[in-house]
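Protein chains in written order, with this note's numbering: chain A, 6 to 346; chain B, 24 to 189.
Beta carbons are placed, not taken as given, at the ideal position from N, Cα and C, and that holds for glycine.
This structure is a prediction, so every number in the text was calculated from the model and none was measured.
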């Protein structure tokens, strides 16, 4: 069972998820952009043999056997990129609990990813690192004493590590402070990006904080400095949020309650409107305005209402209009489940 | 500023690159239209490096040689700037002069200090060389093959002599 369904993780009032990705290439093989189907299958065979000889709880997703909706749903769950699913040479190996996924023949031969709920950067690195070690010992990765792990794009060379936190920052966004934070974080070799565009309510106030530099810093330093940045951003968000609540309590509570009301009653919801409602409900839960909200259910809901995942659940393709209606239904059910708990 | 390709009104907030049957398409949408575009999800953008290609095409090293080419996979500086991807690990050696300035500006420091693959590092290098040797022989590049063979011998001897020390 995906861990998302029952766990929200540490610092989950703000941090929705932690993720790391290690980029690796098999030494002696051309990088995927130059591989033909045969060469790519050769790489995949080696990886499959290694993984499945040691791990029973992993499965291969064969893109050639999946429908476009099933492929898109994997991307929506963040298990793989859309590019991989459409590339024709890519494959995906996923753990049954969906915390570890290995993209094979994407930009690099291997993209070992681990995703966990809440702030668990150390844990995600440890899990991905274990997989990296197992694969590396068997397969032999392209590595250079000076440049570290060699990757298809020089922006990933060295550790090959991209670590990120998905953060919910409604107070900072409402107060117009995100551009300043984006600027400051940029000076630390890190980036903050709106997950769904910036400065519009449709983004769900979700931001991705990640490291930019991969060479000349150790894995530990990358995580420590991300963690430090995250802590200071969280502190600001919490302080601003409670000060807004103190000063403009009625106005804020009215806004959040209305959003909960709409989510409970709407018969048609597009993604953008849902995201702004979702953000308000999450904010209300963090402030303690809504009691007993199960954050795991709320966080998971964000994935369930994505277009492809929604259609998979419906068991049939849905046009945009029907999707919006079905989305509203899924949201109403989830909200009822959350509230009646 | 890029305007949304769908409605033609709002500024584009989401930039997607899709590969369909090997054909690359780019789509720039505002967040409203992006939500309506079926295949697009909230989660696509974060890990696509922001216009790395554009960035790379602006950077050229002083020592860069326009004719530089990777002896193994044939990658050229021109092609790399166009696609933003290298062809093999040997590109880092043969296109060193061209890549170093890029690495310096993207990464800052140029010495890896992170984890190292423990067990098979040396064996991996050897495997790499042997594979290259095979390729060179197949391509009838005997001069390169001879060089590679010498390098392999050297490494194997070195490994023999250090055995038992650790």
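Please report the residue range of the alpha helix (DSSP H) in which residue i lies.
i                      : result
residue 229 of chain A : 224-252
residue 183 of chain A : 183-191
residue 55 of chain A  : 42-59
residue 115 of chain B : 114-117
residue 128 of chain A : 126-144
residue 73 of chain A  : 73-81
residue 64 of chain A  : Unbroken run through residue 64 of chain A is the beta strand (DSSP E), 63-66; no alpha helix (DSSP H).
residue 95 of chain B  : Here residue 95 of chain B belongs to no alpha helix (DSSP H), and DSSP marks it neither H nor E.
residue 176 of chain A : 175-179
residue 87 of chain A  : 87-91
Could you tell me the alpha carbon to alpha carbon distance between residue i and residue j, rounded to whole angstroms?
i                      : j                      : result
residue 28 of chain A  : residue 137 of chain A : 10 Å
residue 248 of chain A : residue 256 of chain A : 13 Å
residue 98 of chain A  : residue 286 of chain A : 34 Å
residue 39 of chain A  : residue 180 of chain B : 33 Å
residue 296 of chain A : residue 259 of chain A : 16 Å
residue 226 of chain A : residue 90 of chain B  : 39 Å
residue 271 of chain A : residue 333 of chain A : 6 Å
residue 111 of chain B : residue 195 of chain A : 28 Å
residue 66 of chain B  : residue 208 of chain A : Reliability fails at residue 66 of chain B, whose pLDDT of 35 lies under 50, so the model's placement of it is uncertain and the value that follows must be treated cautiously. For residue 66 of chain B and residue 208 of chain A, the distance between alpha carbons rounds to 11 Å.
residue 188 of chain A : residue 217 of chain A : 14 Å
residue 47 of chain A  : residue 104 of chain A : 26 Å
residue 153 of chain B : residue 154 of chain A : 20 Å
residue 31 of chain B  : residue 326 of chain A : 22 Å
residue 51 of chain A  : residue 41 of chain A  : 16 Å
residue 282 of chain A : residue 73 of chain A  : 29 Å
residue 242 of chain A : residue 158 of chain B : 57 Å
residue 56 of chain A  : residue 25 of chain B  : 44 Å
residue 69 of chain A  : residue 35 of chain A  : 23 Å
Would you give the residue range spanned by the beta strand (DSSP E) that residue i belongs to?
i                      : result
residue 24 of chain A  : 20-29
residue 138 of chain B : Where residue 138 of chain B is concerned, there is no enclosing beta strand (DSSP E), given that its DSSP letter is neither H nor E.
residue 99 of chain A  : 96-100
residue 100 of chain B : Careful: residue 100 of chain B lies outside any beta strand (DSSP E), inside the alpha helix (DSSP H) at 100-106.
residue 122 of chain A : 115-122
residue 216 of chain A : 211-216
residue 29 of chain B  : Run containing residue 29 of chain B: none; DSSP gives neither H nor E here.
residue 196 of chain A : 195-199
residue 106 of chain A : 105-109
Of all the CB atoms in chain B, is at least one closer than 8 Å to the CB of residue i?
i                      : result
residue 109 of chain A : no
residue 219 of chain A : yes
residue 103 of chain A : no
residue 21 of chain A  : no
residue 222 of chain A : yes
residue 112 of chain A : yes
Step through the CB atoms of chain A and report whether any lies within less than 8 Å of the CB of residue i.
i                      : result
residue 151 of chain B : yes
residue 181 of chain B : no
residue 164 of chain B : no
residue 109 of chain B : yes
residue 154 of chain B : yes
residue 118 of chain B : no
residue 50 of chain B  : no
residue 171 of chain B : no
residue 143 of chain B : Its pLDDT being 49, under 50, residue 143 of chain B is placed unreliably in this model, and the coordinates cannot settle the point.
Is residue i near the ligand MN, going by C-beta to nearest heavy atom under 7 Å?
i                      : result
residue 316 of chain A : Ligands displayed in this structure: none; no statement on the ligand MN is therefore possible.
Query - Continuous beta strand (DSSP E) assignments of at least 3 residues falling wholly in the stretch 269-338 of chain A - result: none
Requested in this report: Can you give me, in chain order, the residues of the stretch 126-139 of chain B that have a beta carbon less than 8 Å from any beta carbon in chain A?
Outcome: 126, 129, 130, 131, 132, 133, 134, 135, 136, 137, 138, 139
Query - Interface positions of the stretch 150-174 of chain A facing chain B (Cβ-Cβ less than 9 Å), listed along the chain - result: 150, 151, 152, 153, 154, 155, 156, 157, 158, 159, 160, 161, 162, 163, 164, 165, 166, 167, 169, 171
**Report entry** Chain-ordered residues of the stretch 21-42 of chain A with a beta carbon less than 8 Å from chain B
**Finding:** 26, 30, 32, 33, 34, 35, 36, 38, 39
**Report entry** Residues, ordered as in the chain, of the stretch 92-105 of chain B that lie near chain A by beta-carbon distance below 7 Å
**Finding:** 96
Requested in this report: Using a Cβ-Cβ cut-off of less than 9 Å, give me the residues of the stretch 135-149 of chain A that come near chain B, in sequence order.
Outcome: 137, 138, 141, 142, 143, 144, 145, 146, 147, 148, 149
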